[in-house]
Structure formats: structure tokens, C-alpha cells
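Chemist: Take the sequence shown: its position 89, counting from 1, is numbered 89 in full-length UniProt numbering, and each next residue is one higher.
Don't be surprised by glycine CBs; every beta carbon is placed ideally from N, CA and C.
Before I ask anything, let me first share the structure, which is written out below as C-alpha cells.
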Amino acid sequence: MHDAEELAFGPRWIRENLPRLKERFPRVPRAGWEAVESVDEREFAAAVGVMAAIVGSAAVAGGRTGGRSTFYQGALNGFGLHGLVHLAQAAAVRGVTPGSVTSPLVVVPFTLWARGRLRRAGVLKPVRAVDVAAGLAVAAGATVVAHAVGRRVARRLPPTF
Numbered sequence: 001m002h003d004a005e006e007l008a009f010g011p012r013w014i015r016e017n018l019p020r021l022k023e024r025f026p027r028v029p030r031a032g033w034e035a036v037e038s039v040d041e042r043e044f045a046a047a048v049g050v051m052a053a054i055v056g057s058a059a060v061a062g063g064r065t066g067g068r069s070t071f072y073q074g075a076l077n078g079f080g081l082h083g084l085v086h087l088a089q090a091a092a093v094r095g096v097t098p099g100s101v102t103s104p105l106v107v108v109p110f111t112l113w114a115r116g117r118l119r120r121a122g123v124l125k126p127v128r129a130v131d132v133a134a135g136l137a138v139a140a141g142a143t144v145v146a147h148a149v150g151r152r153v154a155r156r157l158p159p160t161f
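This is the structure in C-alpha cells:
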């Protein structure tokens, strides 16, 4: 559901709101805006697919280990943090952004529910501030990798995709 929201609104929202974003956030380097602006629907869809594969592999690791997998718990925490980032983005632009509708309805509640299940099972690993920072860094890195792969895949897709 969350990915569908991102796919439905992501690139179009960026195109429609980029001038306002540039005006509101003038400190963002031009290269940053150019990178955001260069993402088309094909690249974005492929990147979402790559990220889904990463999250799916974490879920498999969690299932195989009864939730004990560090990879699974890190991905779960990253998923929840990603939802909070969507909410922070919406607050920063004072409006709805792609992902901000399903984050409080699906992403954050699911993360809290799953962490509660892990806690009750006695397998939840403690999360320190350094873990949060590392999780955000890994999520950012995974996003960069997903878009790099997405860009390569998009080049091979027909333009009408």
C-alpha cells in the first residue's frame, strides 16, 4: 500500500512542486535538485522494486530466524524511520508529500506492532542512538543503490513503460 502511494504520486509530485521546493529550501545545492529532477517514472518504479527486494530479503531473514536476524530488525527499524522521514518531509513543506498518507496509517503502526511482537518474544535487540543514526545511513545508502540500479534498469525499458 505504501509503495503504491509512492509510485502513484512520487515523480509527478516532484515535477509539480520542484519550483516551490527550490524557493523554500535555497540552501540545497543545485546538484541535489538536479538529481531529484532527473528521476523519471521508470527509474522511480525500478528503484521502488529494488527497495522492495531488499526489504523482502530482510523479511525472509526474519522469518528464518524467528525475528532474531540483525538484518531483519535493522530493516524493520529502517522502515519505521523511513515513515517518520515522510512525516517530517510533509511537515517541512506544510502539506501532503508522497508517502505521508500511508506512513501514519501503515508504516509506523506496523513497525510498532512488529517491534512489540519481537519484544514479547524476547528477541528484540535494544536500539541506541548510534543504531538509529546507522539505520538512517544504511537506509540512505540503500536508497542511493536502489536509484542507481533503477536508473540502469530504466535505460533498458521502453519509454512508454
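1. Would you decide whether Val130 is buried or exposed? Buried here means 16 or more other CB atoms lie within 10 Å of its CB.
2. Quick check: what's the CA-CA separation for residue 231 versus Ser103?
3. Ser38: buried (16+ other C-beta within 10 angstroms of its C-beta) or exposed?
4. So, does the stretch 138 to 155 touch the stretch 42 to 54, judging by three or more C-beta pairs under 8 Å?
5. DSSP on Leu157, reduced to helix/strand/coil?
6. For His118, which of Thr65, His86, Leu81 has the nearest alpha-carbon?
7. Would you mind working out which of Trp33, Gly67, Ala92 sits nearest Arg115, comparing C-alpha positions?
8. Considering only residues of the same chain and omitting the five flanking positions on each side of Gly95, which have a CB-CB separation below 7 Å?
9. Considering just the uninterrupted stretch of the alpha helix (DSSP H) at Arg42, what are its terminal residues?
10. Mark Val28 as exposed unless 16 or more other C-beta atoms lie within 10 angstroms of its C-beta, in which case mark it buried.
11. So, helix, strand or coil for Lys22, using DSSP?
Modeler: Let's see:
1. Numbered from 1 along the sequence shown, position 130 holds the residue referred to as residue 130. Counting Cβ neighbours within 10 Å, Val130 comes out exposed, since fewer than 16 surround it.
2. With the chain running from 1 to 161 in the structure shown, residue 231 is simply not present.
3. Counting from one through the sequence shown, the residue named residue 38 turns up at place 38. Classification of Ser38: exposed, given that the 10 Å Cβ count is below 16.
4. yes
5. Walking along the sequence shown from the start, residue 157 turns up at place 157. Leu157 falls in the coil class under three-state DSSP.
6. Here residue 118 refers to the residue found at position 118 when the sequence shown is read from its first residue. For the record, residue 118 in the displayed sequence is Leu; it is not His. It is Thr65.
7. The count along the sequence shown starts at 1 and reaches residue 115 at position 115. Looking at the Cα atoms, Gly67 is the closest of the given residues.
8. Here residue 95 is taken as the residue at index 95 of the sequence shown, counted from 1. Excluding positions up to five away in sequence, the list is empty.
9. Within the sequence shown, numbered from 1, the residue matching residue 42 stands at position 42. Counting along the chain, the alpha helix (DSSP H) containing Arg42 begins and ends at 41 to 64.
10. As a position in the sequence shown, residue 28 is number 28, starting the count at 1. That one is exposed.
11. Position 22 of the sequence shown, counted from the first residue, corresponds to residue 22. The answer is helix: DSSP assigns Lys22 an H, G or I state.
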